[in-house]
Each structure stands twice: as C-alpha cells, then as structure tokens.
Amino acid sequence: MVAPESSSDEEEDCIETCVERYKAEPTIALEDCPQQWWSKHEGAHSKMAGLARKYLATPATSVPRERFFSLSGHVVQKKRAALSSDNVNRLVCLSNWLSAKK
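Right, dumping it as structure tokens:
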C-alpha cells in the first residue's frame with residue numbers, strides 16, 4: 001500500500017511540472033486573446049486550462065468597483081482635496097467595513 005505522503009508528493013510534482021511546462025511557452029502578444037490561446041493549448045495544459053477559464057471569464061468591471069468610485073467621489077471633495085490616495089483608500093475601506101456591519 002502506498003503511503004498518503006507519496007501520493008501528495010506525486011501530486012505536487014505533477015503541479016510543478018504543469019507550471020514549468022506552461023512557463024516554458026512563449027508569451028502571447030498584448031493584442032492576442034488569452035481565451036483563444038487557452039482553447040488552442042488546452043490539451044497540453046489540461047490541468048491549468050480550467051483555472052484559466054474560471055479567471056478569464058471574470059468580468060472586467062463589476063458593481064463593487066462602480067460603488068467604490070461613487071463612494072470615493074463622496075470622500076474626495078473640495079474641502080478634502082489634500083487627502084493622499086492612501087488616506088482616500090483607507091476612508092473608503094473603513095466606510096465599506098462599517099456599512100457591511102449594519
């Protein structure tokens with residue numbers, strides 16, 4: 001019987017091999033479509049292709065981002081124009097946390 005550690009080690013080696021094989025591929029041009037690349041190379045990178053589909057399918061914009069810009073517009077006003085970007089981010093983050101607690 002094979003020890004569980006051996007199976008785990010084999011899986012880790014497989015993952016490392018998959019990542020190394022992917023990293024050895026030439027990079028695509030910025031104007032090329034990553035989804036098309038993954039469709040074309042899915043056979044060679046079957047383990048990673050599922051992850052690529054999952055993360056490439058994420059929409060470029062979402063409601064939370066729109067809410068962020070709306071809220072940051074309320075935070076940055078004429079009387080607060082001297083706030084640094086770090087402080088604006090902190091204020092928006094705190095506001096989101098406080099509204100999430102309600």
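Sequential numbering from 1 applies to the sequence shown in UniProt numbering.
All C-beta atoms in this analysis are idealised placements derived from N, C-alpha and C, irrespective of residue type, glycine included.
For A52, three-class secondary structure by DSSP | Looking up residue 52 in the sequence shown gives position 52. In this structure, A52 counts as helix in the three-state DSSP scheme.
Which same chain residues, not among the five before or five after E42, have their C-beta less than 7 Å away from its C-beta?
-> For the purposes of this step, residue 42 is identified with residue 42 of the sequence shown, where counting begins at 1. Take E42, set aside five residues on each side of it, and the residues of its chain with a beta-carbon closer than 7 Å to its own are A49, in chain order.
Is the beta carbon of R53 sitting closer than 8 Å to the one on W37?
-> Sequence index remark: in the sequence shown, residue 53 carries index 53 (1-based). Sequence index remark: in the sequence shown, residue 37 carries index 37 (1-based). Cβ atoms of R53 and W37: not closer than 8 Å.
Top-ranked residue by Cα proximity to A44, from P34, E25 and A57 = Position 44 of the sequence shown holds residue 44. Here the closest residue by C-alpha is E25.
Between the C-alpha atoms of I28 and I15, what's the straight-line distance to the nearest angstrom?
-> Within the sequence shown, numbered from 1, the residue matching residue 28 stands at position 28. Within the sequence shown, numbered from 1, the residue matching residue 15 stands at position 15. Taking the CA atoms as reference points, I28 sits about 22 Å from I15.
Would you report the Cα separation of E11 and K23, rounded to the nearest angstrom?
-> For the purposes of this step, residue 11 is taken as residue 11 along the sequence shown, with counting starting at 1. For the purposes of this step, residue 23 is taken as residue 23 along the sequence shown, with counting starting at 1. Between the alpha carbons of E11 and K23 lies a gap of roughly 18 Å.
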